[in-house]
Structures are given as structure tokens and as C-alpha cells.
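Read the structure below first, then the notes.
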Amino acid sequence: MDVSIVGATGDVGRAICGQLIERGELGPTSRLQLVGRPGGASGQAVHGLRVDLIDAHDEHAPHIDVADRPEDVVADVVVMAAGRTLPTGTGVTIDRDALARDNRRTFEEYADALAEHGSGHEIVIVVANPVELAVEVFSHALGRHRVIGMGAWLDTLRFRREIAATLGIRRHRVGGFVAGQHGDRMVPLWSTVRLRGLDADERAEIVTRLRGDRTLTSFASEIAAAKQRITGMADIAEAFAAVDTLPPDVQAVVRPYLTHQSGAKTAHGTANATVDLIRTILDGRDIVVAGQVLLDGEIELGGMPWRGVLGVPVAVGPDGWTRVMLDDLAADERRMLWEVGQAINESLVAWRGGAP
Ligand SMILES: NC(=O)c1ccc[n+]([C@@H]2O[C@H](COP(=O)([O-])OP(=O)(O)OC[C@H]3O[C@@H](n4cnc5c(N)ncnc54)[C@H](O)[C@@H]3O)[C@@H](O)[C@H]2O)c1
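Numbered as in UniProt numbering, the sequence shown ends at 356 without a single skipped number.
Given below as C-alpha cells:
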């Protein structure tokens, strides 16, 4: 199997390349394609990155090659990690509209090239932001079942980890999904939380203890209040300690926000979630993950079949995503998912430049 990383020299791209090889996901008969931009620093660095990866992993590295034009991207799985990122620094405003303006052309360039020159079977995993815009652009060019945004899977892993940390257990013992929009407008689906080894009553008791009497109605204001509180702290260690006191779902939003703002960014966690998805696709079995996908009436929200990009649990296999795996949501989850879905659709219209 072949994997192509567009934006390979970026922080996230590099971390994905390293983890793919270190975790043994690509054996010596596979191919890893590193895609950079022609000319400029990144166009040169991509050749250096290739040599550095071979230097580090010669005993078990896949065949590694380089491309610097969108029309030369060839692989079974294409990871779209190219584009401008959100600025770091405490107190910096996050402007997804500006990011969309800057990255839309890059998304279109690669989507059009893959549609024209690709095999017609490649699966695209979207990492670049805004994830929802890139998923829409690639879905229209390639067909929606071949395109999955990894933001909801990353948010899911973060939510599970915060629950696990609060309970003093490891993440692999916690199940459950996050839906919605990647980042601040994620929708933590508490009704889907499972704890390995516990029956439904024990689980319900623990979830009630973790969650208190809060519902998703107050989620957005809790996030805003927590962000305001930590943004005012001069000492970053003190700010991280303050995050430790928040409920797990709020932590799942605020901790990565602070990590990014600290200047460290979130490349390793993002790469881990991306490599997870690549492994799922290469594995050949249908596995349920969460991802941003372009829906066309698979679920009902607000009393109507939903159309638009939304993070939801989906079954993913070698041909992309097949089914949405959302059963009986709680009333507050259904309502928030509907509100977030509407907000994403409005943003997508604006990001497209007003065209329907
Ligand atoms: N989905 C998530 O959870 C998540 C998490 C972290 C970062 N991200 C996003 O991933 C993207 C990359 O983040 P980063 O931190 O690696 O940024 P970065 O600035 O370190 O790297 C961006 C890379 O994209 C490359 N690039 C830009 N335009 C290109 C083009 N036209 N062709 C080829 N390469 C091009 C740049 O050369 C650079 O190597 C950003 O959009 C960021 O917001 C997403």
C-alpha cells in the first residue's frame, strides 16, 4: 500500500511520516510519497526530509520518494496536511474565516489534480484546516465516500483521554465519540461513552459522576469562560493546572487550545490520530471511527434529512466511509449537533464566496 503526505515538511506532516514508519504501518514493500511545494524552502526541505527519514529508519523504511506538483500525487491513501495553520501565542484570536480564505485555493488545486490524474480509488484523509472546507472541496471532486476529515477522530481521542485521566485508567479502556465541528464546536456524545469491563449501570453511575448535572446547553459558555480564565494567566504551568480542574469534555477543547497557544502546537497528537485512520483503511476491515464527512441525508437533524459536512461516527474501510453509526442520541446532543451543522453550512457558504 502507498501513502502520500501533502505538506510533508510541515510540523504535522513530519510527525505523520515519522509515526507511520516507527509504528510499522508501511513495510519495506510499501511506498511513502512526500509532497512539497515547487521552489522555495519547503521544496528543498522535502528532499532533505526524505534523506533524514531513510537515515533514521533504513532497516525497515518503506520506499520513500518525493513529488512537488499536485498532478504527481499517487497513492492509495493521500493525507492532506498542507496549508497555513492557526497562529500560536497566548491570547491570539482564532480566525477560521481567514484560514479558509488562505487555504481554499490549495485544497482546490490538489482536489482537481487528484480528480484528473488519480486512480479513482484513493482515499483522502484531511488534516488541514478548516477541515470542513477541505472535506467539502475534496468530496465534490472525488466522491464523498472517499474523503474523511480526521478532526472528529482527534477530538474523540482527546475526549476519551480526558475521561480516562479523570478516572485514573488508560485511554484504551474508554469508548465513545465526539461529533460536530473540529475544535470549539465539537459535540461530545456522552451517551456513547463506554468503559471496558463495566456494565451499563456501573457506566451510567460513573458518567453521572464525571458529568454532574451539566448538559450540552451550557457547553459553549463553559468553554468560553475557561478560555478567558486561562488566557489571563501569565504562567503557562498555572494555566495547564487550571485546565486539570475542568470537566473532561471542556478539557478536551481547552487543553489542545492551550497546547497550541503555548507554541508547542499539537503535531504529535494530530499525527497519532491520522496514523490511526491510515491503519484502519489499510487494515481492510470496517472499523467505526469518528470523522468529518459530507452527509447526504444519512441522518435526520431538526426533523429533516441532513445535508452538509459534519463530524459523526462512521464505519471506515478500504473503500472509505460507508455507514453513519449514530443511534439514539440524547436530546441535548441532537439539538447541539443540529445547531453546529447549521453553523458549519453557513460557514461553508461564506468560505465558498457566497455560492450555494
Ligand atoms: N485537523 C487537526 O486536528 C489539525 C491539527 C493540527 C493542525 N492541523 C492543520 O494542519 C495543517 C498543517 O499544520 P502544520 O502545523 O503542519 O503547519 P506548518 O505551517 O508547519 O506546515 C504547513 C505545510 O504545508 C505546506 N504547504 C502549504 N501550501 C502548500 C502547497 N500548495 N503544496 C504543498 N505543500 C504546501 C508548507 O510548505 C508546510 O510544509 C494546518 O492547516 C493546520 O491548521 C489540523
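Each residue gets a CB set at the ideal place from its N, CA and C atoms; glycine is no exception.
As for any alpha helix (DSSP H) of minimum length 4 sitting wholly inside the segment 138-212, the runs are 151-167, 200-211, ordered along the chain. Short of 7 Å from the beta carbon of Asp11, and not among the five residues preceding or following it, lie these beta carbons of its own chain, in chain order: Lys265, Ala267. For Leu49, no beta strand (DSSP E) encloses it; the enclosing alpha helix (DSSP H) starts and ends at 40-57.
When only Cα atoms are considered, Trp351 and Phe107 end up about 12 Å apart.
Assignment of His63 by DSSP, reduced to helix, strand and coil, places it in the strand class.
Counting C-beta pairs with one atom in each stretch, the segment 230-239 and the segment 153-171 have fewer than three that are closer than 8 Å, which means they do not touch. Burial check for Ser119: the Cβ neighbour count within 10 Å stays below 16, so the residue is exposed.
In the three-state reduction of the DSSP assignment, Pro248 falls in the helix class. For Glu109, the enclosing alpha helix (DSSP H) begins and ends at 96-117.
The shortest C-alpha to C-alpha distance from Phe240 to any of Ala224, Asp249, Tyr257 is the one to Tyr257. The beta carbon of Leu348 sits closer than 8 Å to those of Glu132, Leu133, Glu136, Gly308, Val309, all from its chain and outside the five residues before and after it, given in chain order. C-alpha of Leu216 to C-alpha of Glu333: approximately 7 Å in a straight line.
Taking 8 Å as the cut-off, the beta carbon of Ser30 is found no closer than this to the beta carbon of Asp68. Within the same chain, Trp190, Val193 come within 8 Å of Val207 by CB-CB distance, once the 5 residues on both sides are set aside.
Per DSSP, reduced to three states, the secondary structure at Met304 is strand. In this structure, Asp249 sits near Phe159, with a CB-CB distance shorter than 8 Å.
Inter-segment contact for the segment 96-116 and the segment 14-30 is absent: fewer than three beta-carbon pairs are separated by less than 8 Å.
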